[in-house]
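Here the structure comes first, spelled out in structure tokens, and everything after it is commentary.
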Amino acid sequence: QVQLVESGGGLVQPGGSLRLSCAAFGIIFRLSAMGWYRQAPGKERELVAAITSPGRTNYADSVKGRFTISRDNAKNTVYLQMNSLKPEDTALYYCNKQPPLSGGYWGQGTQVTVSS
Numbered sequence: 004q005v006q007l008v009e010s011g012g013g014l015v016q017p018g019g020s021l022r023l024s025c026a027a028f029g030i031i032f033r034l035s036a037m038g039w040y041r042q043a044p045g046k047e048r049e050l051v052a053a054i055t056s057p058g059r060t061n062y063a064d065s066v067k068g069r070f071t072i073s074r075d076n077a078k079n080t081v082y083l084q085m086n087s088l089k090p091e092d093t094a095l096y097y098c099n100k101q102p103p104l105s106g107g108y109w110g111q112g113t114q115v116t117v118s119s
């Protein structure tokens with residue numbers, strides 16, 4: 004059974020940092036491209052960062068230079084280090100395969116709120 008468990012969100016001031024984690028179960032993690040996605044209120048879910056199984060990364064223009072995606076195949080975990088956070092980064096953050104799992108599965112997400 005597939006399960007994606009995101010954690011690490013919270014409330015942070017503009018300019019601050021957070022590190023998100025996502026533990027994946029029920030997939031062949033080491034062979035899977037993974038992504039971090041986010042959805043702000045009233046907006047579509049968007050891909051913000053992706054990492055291939057060998058470790059090649061790609062970022063949305065809005066987060067390039069501020070966010071870093073990484074993975075630990077031994078722990079079946081993908082991370083998102085977020086620095087220089089802005090209020091417009093406020094969203095519910097999810098991880099999933101890239102492209103996302105068929106069948107529409109998503110985890111519960113982790114809320115990131117950037118506010119003074």
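Under this note's numbering, think of the first position of the sequence shown as 4, with each following residue one higher. Cβ coordinates follow ideal geometry from the N, Cα and C atoms, glycine included.
Contact check, residue i vs residue j, beta carbons under 8 Å
{"i": "PHE65", "j": "PRO90", "result": "In the sequence as presented, Phe is not what sits at residue 65; that position holds Ser. Against a cut-off of 8 Å, the Cβ pair of PRO90 and SER65 comes out as no contact."}
{"i": "VAL8", "j": "TYR108", "result": "no"}
{"i": "GLN84", "j": "ARG33", "result": "no"}
{"i": "LEU14", "j": "THR116", "result": "yes"}
{"i": "THR80", "j": "SER24", "result": "yes"}
{"i": "ASN76", "j": "GLY38", "result": "no"}
{"i": "GLY106", "j": "TYR97", "result": "no"}
{"i": "ARG74", "j": "ASN86", "result": "no"}
{"i": "LEU95", "j": "GLN42", "result": "yes"}
{"i": "THR60", "j": "ILE72", "result": "yes"}
Through-space distance from residue j to residue i, alpha-carbon basis
{"i": "LEU122", "j": "ALA36", "result": "Residue 122 lies beyond the stretch modelled for the chain, which goes from 4 to 119, so this question has no answer here."}
{"i": "GLY12", "j": "LYS78", "result": "19 Å"}
{"i": "GLY19", "j": "GLY58", "result": "26 Å"}
{"i": "PHE28", "j": "LEU104", "result": "13 Å"}
{"i": "GLU1", "j": "LYS67", "result": "Given a span of 4 to 119 for the chain in the structure shown, any question on residue 1 remains unanswerable."}
{"i": "GLN101", "j": "TYR40", "result": "10 Å"}
{"i": "GLY45", "j": "ILE31", "result": "33 Å"}
Span of the beta strand (DSSP E), counted from its first residue to its last, around residue i
{"i": "ARG41", "result": "37-42"}
{"i": "ILE54", "result": "49-54"}
{"i": "SER10", "result": "6-10"}
{"i": "GLN114", "result": "113-117"}
Same chain, Cβ closer than 8 Å to residue i, neighbours up to 5 away in sequence not counted
{"i": "ALA63", "result": "GLU49, LEU50, VAL51 and ALA52"}
Own chain partners of residue i with C-beta closer than 7 Å, once the 5 adjacent residues on each side are dropped
{"i": "ALA26", "result": "VAL8, ASN79 and THR80"}
Residues near residue i by beta carbon distance below 6 Å, same chain, minus five either side
{"i": "SER10", "result": "SER24 and THR113"}
Local conformation of residue i per DSSP, three classes
{"i": "ASN86", "result": "coil"}
{"i": "ASN76", "result": "helix"}
{"i": "LEU193", "result": "An answer regarding residue 193 cannot be provided, because it is not within the stretch 4 to 119 covered by the chain."}
{"i": "ARG33", "result": "helix"}
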